[in-house]
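All residue numbers for the sequence shown refer to the numbering used here, where the first residue is 1243 and numbers rise by one. Every residue, glycine too, gets a C-beta built ideally from N, C-alpha and C.
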Amino acid sequence: MSDCRDQRWSLNDSPCHRWYQRGIGYALVKELAAFGAMVHTCSRNEAELNQRVQEWKSMGLKVSGPVCVLKVRAQQEKLMETVSSLFDGKLNILVNNAGTSIPKEATEFTMEDFSTIMTTNFESAYHLSQLAHPLLKASGNGNIIFISSVAGVIALPMCSIYASSKGAMNELTKNLACEWAKDKIRVNSVAPWIIRTPLIDNLVVYTHSLHPFL
């Protein structure tokens, strides 16, 4: 693994921005930084973020990041302004990983539930990609990675709005890949199956409903 990181898969000093929560996000930050990328991440949990950043720095990894609530557009814009300043107006990799879920039957969702899920999972990723476009284009080799879900491809219980947000993300991926190819920006999505992360573990009812799938 060390040879791969030093040679074929080296990301030495590549500017990378991604949205850290926990679980998948934590693993992504650690792995990208271990390959040599300079990672700027964020989380809505200040205490946890500070702890993780110190942990990564103690390992010699180049990681920084502020507190940010990504469903607030003004905070998205401020965050990308910081990214532009840190990386001299260029960005190699944008990873959109922020997400949330509210497991309910389709008849029980409120408009607030709908707005929270769609804003966090889809709108924030779309808007951040818009904001990052000039930075990715300036790098001459930009990459966007959307962390989608198998729920955006197949039906799962108590997942109608979450699945819709991920399905929209999958379509956005295809369209941006075509539209921004001329700018030398690659756009891909990764659609994991159910992974035991803190987000899933905290949704007791949802986890129970998914028992046949786990």
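Residue pairing for S1326: DSSP places it in no beta bridge.
Look at F1351 here: in three-state DSSP terms it is coil, with no helix or strand label.
By the Cβ neighbour-count rule, K1313 is buried, with 16 or more other Cβ atoms within 10 Å of its own. Listed in chain order, the non-local C-beta contacts of A1419 below 8 Å within the same chain comprise R1428, V1429 and N1430, local neighbours out to five positions each way being set aside. By the beta-carbon neighbour count (other beta carbons within 10 angstroms, threshold 16), G1331 is exposed. Separation of G1302 and G1267 (C-alpha to C-alpha, rounded to the nearest whole angstrom) is 19 Å. Looking from the CA of I1403, the closest CA among P1308, S1357 and W1422 belongs to S1357.
If you draw a 10 Å sphere on the C-beta of I1386, you find 16 or more other C-beta atoms in it, and that means buried. In the three-state reduction of the DSSP assignment, L1418 falls in the helix class. When the beta-carbon positions are compared, A1393 and C1401 come within less than 8 Å of each other. DSSP places N1385 in the strand class (E or B) of the three-state scheme.
In this structure, DSSP gives L1336 an extended state, which the three-state scheme calls strand. Within the same chain, no Cβ atom closer than 6 Å to the Cβ of K1416 is found once the five residues on either side in sequence are excluded. Where S1431 is concerned, the enclosing beta strand (DSSP E) starts and stops at I1427 to V1432. Going by beta carbons, V1325 and S1390 fall outside the 8 Å limit. For S1390, there is no enclosing alpha helix (DSSP H), as DSSP marks it with neither H nor E.
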